[in-house]
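When we follow our numbering, the leftmost residue of the sequence shown carries the number -15, and every step to the right adds one. Down below is the structure, laid out as structure tokens.
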Amino acid sequence: MTIQTGESEGLQPAKAVFYNDPKVRAVFWQIVAVLGVVGVFWFLIHNTMANLDRQNIASGFS
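Structural data, given as structure tokens:
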């Protein structure tokens, strides 16, 4: 008579979904953060330049 230990040979645990991987999530949130910072700077610079242009104010030293 054989005793089963609960471990099956050849069976692998189910592979987790890629977005549950901590490394993938970390990279995703870093990309989101960088895009957010770049977006805020772009908005501020674009808005400032548009307002200066609308009021005919030079933005340089010339």
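Ideal Cβ positions, reconstructed from N, Cα and C, are used throughout, including at glycine.
* Please go through the same chain and pick out, in chain order, the residues whose beta-carbon is closer than 7 Å to the beta-carbon of Thr32, but skip the five residues on each side of it. => Residue mapping note: residue 32 aligns to position 48 of the sequence shown, counting from 1. Exclusion of the five residues before and after Thr32 leaves no residue of its chain whose Cβ lies closer than 7 Å to its Cβ.
* Asked: Helix or strand or just coil, what does DSSP make of Leu(-5)?
  -> For the purposes of this step, residue -5 is identified with residue 11 of the sequence shown, where counting begins at 1. Correct three-state label for Leu(-5): coil.
* To do: Could you check what DSSP says for Gln5 in three-state terms: helix, strand or coil?
  => Residue numbering aside, residue 5 sits at position 21 when the sequence shown is read from its first letter. Residue identity differs from the one stated: residue 5 is Asp in this sequence, not Gln. Look at Asp5 here: in three-state DSSP terms it is coil, with no helix or strand label.
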